[in-house]
Amino acid sequence: MLFGYEWDLSSPLAFAISILPILLTGMVVTIQATVLGFFVALVLGLVWAVLKAAPSRFIAWPARVVTEFIRDTPLLVQLFFLYYVLPEYGIVLPAFLTGALALGIQYSAYTSEVYRAGLEAVGADQREAARALNFSAVHTFTHVVVPQAIPRIVPAMGNYLVSIMKDVPVLSVVTVLEMLNVAKIVGDRTFDYLVPLSLVGALYLIMTLLASGGVRLLDTWLPKQGIPLK
Amino acid sequence: MTEEPIIKFDKVVKRFGDLTVLNKLDFEVKKGEKVTIIGPSGSGKSTVLRILMTLEGIDGGVVTVGGEPLWHERAPDGSLVPASEAHLHKMRSQLGMVFQQFNLFPHMTVLRNITEAPVKVLGLSRKEARERGEELLELVGLADQAQKYPHQLSGGQQQRVGIARALAMRPNILLFDEPTSALDPELVGEVLNVIGKLAEEHDLTMLLVTHEMRFAREISDRVCFFDRGRIREEGSPEELFTDPTEDRTREFLQAVLD
Amino acid sequence: MHWTQYLPPLIEGAWVTVQLTIYSTILGAVLAFAFGIGKLSSNWAIKAVSVAYIEVFRGTSLLVQLFWLYFALPLAGMAIGVDLRLPPVVAGVLALGLNIGAYGAEVVRGAIQSVHQDQLEAARALNFTPRQTLWNVTIPQAVPEMMPSFGNLAVQNLKDTALVSLISLGDLTFRAEQIRNFTQDSTTIYSMLLVTYFGMALVLTGLMRALEAYVSRWRTARS
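Chains as they are written, first to last, in the working numbering: chain Y, 986 to 1215; chain H, 1201 to 1458; chain L, 279 to 501.
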């Protein structure tokens, strides 16, 4: 019995059906961790992008080194670091928040690149035209550059959202009860790992396909030339 | 007895989507003939070449090369069925093509570009292929460029390599798809010289699509004016260029030669 | 304990990590080419298998794949009477290789499709068979296109090796965890761990960039 659900060990199919509600409980946690981690990655990534674009070398350079460091080190290790080291300095977060934070930090290194590449892709000629028309720098940014950068940025961010979802199982090592962890607990108790793990794999595949499909849909829905300003 | 034409288009139809580019085209080329095809863009000139080189299929009619159907083969009961890849492979060995964009292999040296197909397709030894390649480079005036890469050569030089590469396969029929259209004006001459030399010294059948009217006049046995998928008019260069019978031909020549 | 005493076990672990990375990258590269080309095959069975492989291994979490191979596969084997228990190192290399192979396959496919149609026409005009065209014309020109993405995938693979510590494989992360359990010196240990991975990633990136430069010799004539 787990989370109030009994499982039925009479046949593999009955087993699978009986643990489905249990796994779905885990799926809810998976989705929550994905969304929160994604949000952190978006915000933090923007911070890095702004710092990296700073005119002063003393700000831009350390920012670049830090993001490179985050990019090149494993999520698992970053997670351990946050989970075990932060409490030593008085910051005690629930496991779920620690996990989401770790996801957000790891992916912020990638999202900062997406921001940078998306903004850069709006050609110099656009900025020149704005300058010739005497737009202020702020107005150029908000009304010329950003609307044209968004159709490039959104699909890339969408793909990272899907990647974050696939990395959520790593959080199981710090006791977050996402889908893989739940499946493993069921397996530990019943000695049958095959059904729970296969089911988790299948559920993940469905989630990924739906999410990727959603990203593609969003991509077709966004006009290529930029967000229309009337 | 008149000889069988080496190329024969018999009521050939070719469509691209809704557009009918060739509409029951009848067209013949005799062995050793040098034929130039002129006409406005979209008239189907390049399509004729591409069909011969098996780069495009046909939607109707029969194309015959060297007496045998190209895009069809004879079934045991004598009827015509669509050609298999094996049949196309066999037929293709009679033809060679020089492309508008040269299409050289950027990752191979000039010599390798020329020898690769003889080795891999004809089964020549590297040594034999190299000898053949060096002769051909001599012929097109690029003997000292053998070890260069395409990007190190000018457009005119690249196209001459393209001609050598096609010749290395010893085709009976050589197709030129607007060979100088992608070249800077001052480089056009060197390529036309090579083509002219080929026309004079070899009894290759040559089919040339070009806008270079003066050149066409010099080397052709026959000129065909294509318009909207059919041959509007054809004849010897003198006939066509000095005294075209069709109005449309006259119109086109006036626009182009001015 | 002084941090320098952590070094010997960490170095042992690092060596395991390096070997894991090498083997799984090689496996991944082979699978990437096999299924990347397979996805472009005109044979629908080969194409279907390739698409299935790519979608399944890209669409599910690596940790799930790893656990499945280590915990679930033996049970499937028992059901059909075959001993499919994999030692941790085999499960690890297999999971990592299958995973990175799927991502690599898409890179290979994309690069092959990016080779210009003109090149294929030139090859056909010279009567190359489709297979000859693929190996002599398409792939040499596709490989330089693949390298930047392969570089990213290689570093990603290195990071992913840390997950094998969760099936008790004695890699760098596993060793670090052992030391931490013993000394409770989290800050030092994890800092060293992060720095070590960072160092390895930089070396790997350097190697991939050198490889990229070597292969770019071919990418000479883009006009």
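The C-beta atom is built at its ideal place from N, Cα and C for all residues, glycine as well.
Identify which residue in L1311/H, L1339/H and E1338/H has its Cα closest to the Cα of R1326/H. Comparing Cα positions, the closest option is L1311/H.
CA-CA distance, M1164/Y and W346/L? M1164/Y and W346/L: Cα-Cα distance of roughly 13 angstroms.
Rounded to the nearest angstrom, how far is the Cβ of L444/L from that of L482/L, given a contact under 8 angstroms? About 22 angstroms separates the beta carbons of L444/L and L482/L, which is beyond the 8 angstroms limit, so they are not a contact pair.
Given L1064/Y, which residues of its chain have a CB within under 8 angstroms of its CB, disregarding the five upstream and five downstream residues? The beta carbon of L1064/Y sits closer than 8 angstroms to those of T1083, G1084, A1087, V1155, L1156, V1158 and V1159, all from its chain and outside the five residues before and after it, given in chain order.
Cβ of L347/L less than 8 angstroms from any chain H Cβ? When Cβ-Cβ separations below 8 angstroms define contact, L347/L makes no contact with chain H.
Presumed contact (8 angstroms Cβ cut-off) between L1252/H and V1262/H, rounded CB distance: In this structure L1252/H does not touch V1262/H by the C-beta definition: roughly 13 angstroms separates them, more than the 8 angstroms allowed.
Output yes or no for whether 8 angstroms exceeds the beta carbon distance between M470/L and L288/L. Going by C-beta atoms, M470/L is nearer than 8 angstroms to L288/L.
Mind checking S302/L: buried by the 16 CB within 10 Å criterion, or exposed? Burial state of S302/L is buried, judged by a 10 Å Cβ sphere holding 16 or more other Cβ atoms.
Under a Cβ-count criterion, where at least 16 other Cβ atoms within 10 Å of its own Cβ denotes burial, should E1204/H be classed as buried or exposed? So E1204/H ends up on the exposed side.
Sequence-distant residues of the same chain with beta carbon closer than 8 angstroms to R500/L, five excluded per side: Reliability fails at R500/L, whose pLDDT of 38 lies under 50, so the model's placement of it is uncertain and no value is given.
Within chain L, partners of R1292/H - CB distance below 7 angstroms: The answer, in chain order, is N405.
Cβ of V393/L less than 8 angstroms from any chain H Cβ? It does not; no Cβ of chain H falls within 8 angstroms.
Between K1211/H and K1224/H, which are expected to be in contact by the criterion C-beta below 8 angstroms, what is the C-beta distance as a whole number of angstroms? A Cβ-Cβ distance of about 4 angstroms is found for the pair K1211/H and K1224/H, placing them in contact under the 8 angstroms criterion.
Is G1320/H close to chain L, meaning its C-beta is less than 8 angstroms from at least one C-beta of that chain? The amino acid occupying residue 1320/H in the given sequence is Lys; Gly does not appear at that position. True, the Cβ-Cβ gap to chain L drops below 8 angstroms.
Would you kindly work out how many angstroms separate the C-alpha atoms of M1142/Y and A401/L, rounded to a whole number? The alpha-carbon atoms of M1142/Y and A401/L are separated by roughly 40 angstroms.
Using DSSP's beta-bridge definition, name the partner residues of L1295/H. The partner list for L1295/H (beta bridge, DSSP) reads I1373/H.
Length-filtered (3 minimum) beta strand (DSSP E) runs lying within the stretch 1249 to 1301 of chain H: If we require 3 residues or more, the beta strand (DSSP E) runs fully inside the stretch 1249 to 1301 of chain H come out as 1260 to 1265, 1272 to 1274, 1280 to 1282 and 1295 to 1298.
Residue of L404/L, G382/L, F349/L and I378/L minimising C-alpha distance to P366/L: Shortest Cα-Cα distance from P366/L to any of L404/L, G382/L, F349/L and I378/L involves F349/L.
Chain-order list of residues whose beta-carbon lies under 6 angstroms from that of L1398/H (same chain, five-residue window excluded): Short of 6 angstroms from the beta carbon of L1398/H, and not among the five residues preceding or following it, lies no beta carbon of its own chain.
Can you list the beta strand (DSSP E) stretches of 3 or more residues lying completely in the stretch 995 to 1058 of chain Y, in chain order? Taking 3 residues as the minimum length, the stretch 995 to 1058 of chain Y contains no beta strand (DSSP E) run wholly inside it.
Quick one: residues in its chain with C-beta nearer than 8 angstroms to the C-beta of A1039/Y, no 5 flanking neighbours on either side, listed in chain order? Within the same chain, and ignoring the five residues on either side of A1039/Y in sequence, the residues whose Cβ sits closer than 8 angstroms to its Cβ are A1045 and A1048.
Contact between the stretch 1343 to 1362 of chain H and the stretch 383 to 392 of chain L (3+ Cβ pairs under 8 angstroms): A contact between stretches requires three or more CB pairs, one per stretch, nearer than 8 angstroms, and the stretch 1343 to 1362 of chain H fails this requirement with the stretch 383 to 392 of chain L.
Nearest chain Y C-beta to L444/L closer than 8 angstroms, yes or no? Interface residue, yes.
Give me the chain L residues within the contact set of S1121/Y, using Cβ-Cβ distance strictly less than 7 angstroms, ordered along the chain. What S1121/Y touches in chain L: nothing, since even the nearest Cβ is about 37 angstroms away.
Inspect the beta-carbon positions of A432/L and M486/L and report whether they are closer than 8 angstroms. A contact, by the Cβ cut-off of 8 angstroms.
Can you check whether the CB of G1186/Y is closer than 8 angstroms to the CB of T338/L? In contact: T338/L and G1186/Y (Cβ atoms closer than 8 angstroms).
Contact criterion: CB-CB distance below 8 angstroms. Does M1201/H meet it with respect to chain L? Low per-residue confidence applies at M1201/H: pLDDT is 48, beneath 50, and the placement is therefore not dependable, though the value from the model is reported in the following sentence. So, not an interface residue.
What are the complete alpha helix (DSSP H) segments, minimum 4 residues, inside the stretch 407 to 432 of chain L? Listed in chain order, the alpha helix (DSSP H) elements of length 4 or more contained wholly in the stretch 407 to 432 of chain L are 408 to 411.
Please report the straight-line C-alpha distance between G1341/H and E1418/H, rounded to a whole angstrom. A straight line joining the alpha-carbon of G1341/H with that of E1418/H spans about 21 angstroms.
What are the residues of the stretch 1061 to 1089 of chain Y that lie near chain L, defined by any Cβ-Cβ distance shorter than 7 angstroms? Listed by position, the residues of the stretch 1061 to 1089 of chain Y near chain L (Cβ gap below 7 angstroms) are L1061, V1062, F1065, F1066, Y1069, V1070 and E1073.
Can you name the residues of chain H whose CB is closer than 7 angstroms to the CB of V415/L? Contact of V415/L with chain H by beta-carbon distance below 7 angstroms involves F1305.
Less than 8 angstroms separating the beta-carbons of T416/L and I390/L? Contact flag set, yes.
Could you tell me the boundaries of the beta strand (DSSP E) in which K1348/H lies? Premise fails: K1348/H is in no beta strand (DSSP E) and is neither H nor E.
Decide yes or no for the touch test of the stretch 1405 to 1421 of chain H against the stretch 1231 to 1245 of chain H: beta carbon pairs closer than 8 angstroms, at least 3 of them. Verdict: yes, contact present.
Bounding residues of the alpha helix (DSSP H) (the contiguous stretch that carries N1223/H): Taken as a continuous stretch (DSSP letters only), N1223/H belongs to no alpha helix (DSSP H), being part of the beta strand (DSSP E) at L1219 to V1229.
Within-8 angstroms CB hit, T303/L to chain Y: Chain Y contact via Cβ: absent.
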